[in-house]
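In full-length UniProt numbering, the protein residues as written are 1 to 402.
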């Protein structure tokens with residue numbers, strides 16, 4: 001996945017010849033559908049900032065900013081509520097062509113008190129003792145590389161590897177036994193002509209052993225289970241926790257902040273979610289590497305485990321429930337009332353429905369909230385105290401079996 005997506009010249013995101021986002025690309029994201037998505041993300045971030053009860057300088061961090069559409073919508077709303085703040089925007093983006101697109105989009109808004117910064121890695125950022133941090137990662141973690149493991153006898157894990165079909169064939173990984181890690185096979189719409197295949201390592205490897213022990217949940221999976229696990233996601237989630245944590249940072253008090261992670265996935269591990277998108281269709285992940293987007297469902301519980309001792313996590317909540325809780329119907333009504341034509345009203349309604357459709361984006365995407373803990377000694381819980389809206393007790397969430 002790392003090579004196919006991020007190779008310096010042939011990687012899917014790095015090659016300017018690939019039309020990645022939008023109707024002309026291979027997939028479309030929520031921010032590209034309607035401004036309402038980014039606006040409600042911004043409202044949540046602002047609510048956490050105001051709950052702190054202090055007027056502080058701001059920095060906004062986005063992991064994988066795409067075309068810059070989401071950040072543009074967030075900035076527009078933040079500047080309406082906090083108009084005179086100097087805002088440092090930090091965009092974690094490795095693709096030079098995507099950086100150029102983001103720069104053109106965000107600079108066109110001409111916000112004199114907004115300063116743009118680009119980084120190759122989230123590790124370029126440090127906890128801040130002077131700025132409150134707002135962070136968003138939308139469809140970022142699903143593109144991070146995964147390892148696939150299979151549980152053998154004696155509680156050992158063997159790694160599923162990728163081999164050339166020209167090589168001598170060891171044991172082939174075929175349909176796995178039933179697993180408690182949820183299986184969502186991604187049926188390909190194209191017949192495979194790939195020269196690659198999955199093979200199962202005959203013995204445990206150091207990485208399979210370590211990853212199999214990286215969560216207590218994995219120990220509970222039965223023999224024969226297949227597991228997708230992303231150590232890169234764990235490390236980056238850990239860094240997110242460090243940036244948003246309230247406490248000591250390099251001998252200074254870190255202000256911390258709040259963030260949202262929005263992605264495909266659920267609050268459990270998966271065993272068969274790796275898939276490729278090309279021209280808005282699912283294709284064989286091994287078909288023409290570097291020309292299709294690769295994605296795997298996110299184990300939100302794994303992300304929460306990575307941050308558990310640093311911050312408070314909330315959810316994940318279905319995107320449908322999150323957007324309803326943040327006032328999507330009210331915002332939609334206001335925009336429709338101001339629309340000049342019936343066609344525009346229908347377009348707005350259709351866009352909002354697409355975001356919350358339970359059979360589509362509304363049910364496929366999850367939203368995880370992250371807030372810093374109180375810094376004062378002896379205190380615990382999230383900033384402002386109590387549950388964080390809209391991540392409160394929800395009958396649909398309690399009844400859902402993941």
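Cβ coordinates follow ideal geometry from the N, Cα and C atoms, glycine included.
Note that the structure is a prediction, hence the values are computed from the model and not measured.
From the listed residues 133, 148, 34 and 52, the smallest Cα separation to residue 72 is found for 34. In the DSSP secondary-structure assignment, residue 134 is bridged to 60 and 258. Scanning the segment 24–105 from its first residue to its last, the whole alpha helix (DSSP H) runs of 4-plus residues come out as 30–33, 35–51 and 69–81.
Residue range 319–325 is occupied by the alpha helix (DSSP H) that includes residue 321.
When C-alpha distances from residue 390 are compared across 255, 327, 82 and 281, the shortest belongs to 327.
Residue 84 has its alpha-carbon roughly 22 Å from the corresponding atom of residue 68. Here DSSP, grouped into helix, strand and coil, assigns residue 316 to strand. For residue 369, the closest of 360, 322 and 341 by C-alpha to C-alpha distance is 322.
The Cβ neighbour count for residue 146, taken over all protein chains shown within 10 Å, is at least 16; the residue is labelled buried. Annotated three-state conformation of residue 196 is strand, per DSSP. Annotated three-state conformation of residue 214 is coil, per DSSP. Residue 355 sits in a helix when the DSSP states are folded into three classes. By the criterion of a C-beta distance shorter than 6 Å, residue 232 is surrounded in its chain by 144 and 145, once the five residues flanking it on both sides are discounted. In the structure shown, residue 144 adopts coil according to DSSP, grouped into three states.
Apart from the 5 residues on each side of it in sequence, residue 332 sits with its Cβ closer than 8 Å to the Cβ of 36, 348, 349 and 352 in its chain, given in chain order. Judged by pairs of C-beta atoms under 8 Å, the segment 192–212 touches the segment 152–164, as three or more such pairs exist. As the crow flies, the alpha-carbon of residue 77 is around 23 Å from that of residue 318.
Per DSSP, reduced to three states, the secondary structure at residue 164 is strand.
Proximity to residue 30 across 70, 56 and 60 peaks at 70, based on C-alpha coordinates. Taking one beta carbon from each stretch, the segment 271–289 and the segment 304–320 have fewer than 3 pairs nearer than 8 Å; the two do not touch. Partner residues in the beta bridge of residue 117, as assigned by DSSP, are 90. Residue 148 holds the alpha-carbon nearest to the alpha-carbon of residue 211 among 154, 239, 148 and 98. Taking C-beta separations shorter than 7 Å and ignoring five residues to either side along the sequence, the partners of residue 63 in its chain run 92, 122, 137 and 140, following chain order.
For residue 282, no alpha helix (DSSP H) segment is defined; the enclosing uninterrupted segment is the beta strand (DSSP E) at 281–283.
Taking C-alpha positions only, residue 324 is separated from residue 135 by approximately 21 Å. In the DSSP secondary-structure assignment, residue 277 is bridged to 282 and 293. The three-state secondary structure of residue 371, taken from DSSP, is strand. Nearest to residue 387 by alpha-carbon distance, out of 363, 48 and 39, is 48. With respect to residue 237, residue 303 sits close: the two C-beta atoms are nearer than 7 Å.
By the neighbour-count definition (other C-beta atoms within 10 Å, threshold 16), residue 226 is a buried residue. Partner residues in the beta bridge of residue 391, as assigned by DSSP, are 388. A Cβ-Cβ separation of about 16 Å leaves residue 113 out of contact with residue 130 under the 8 Å criterion.
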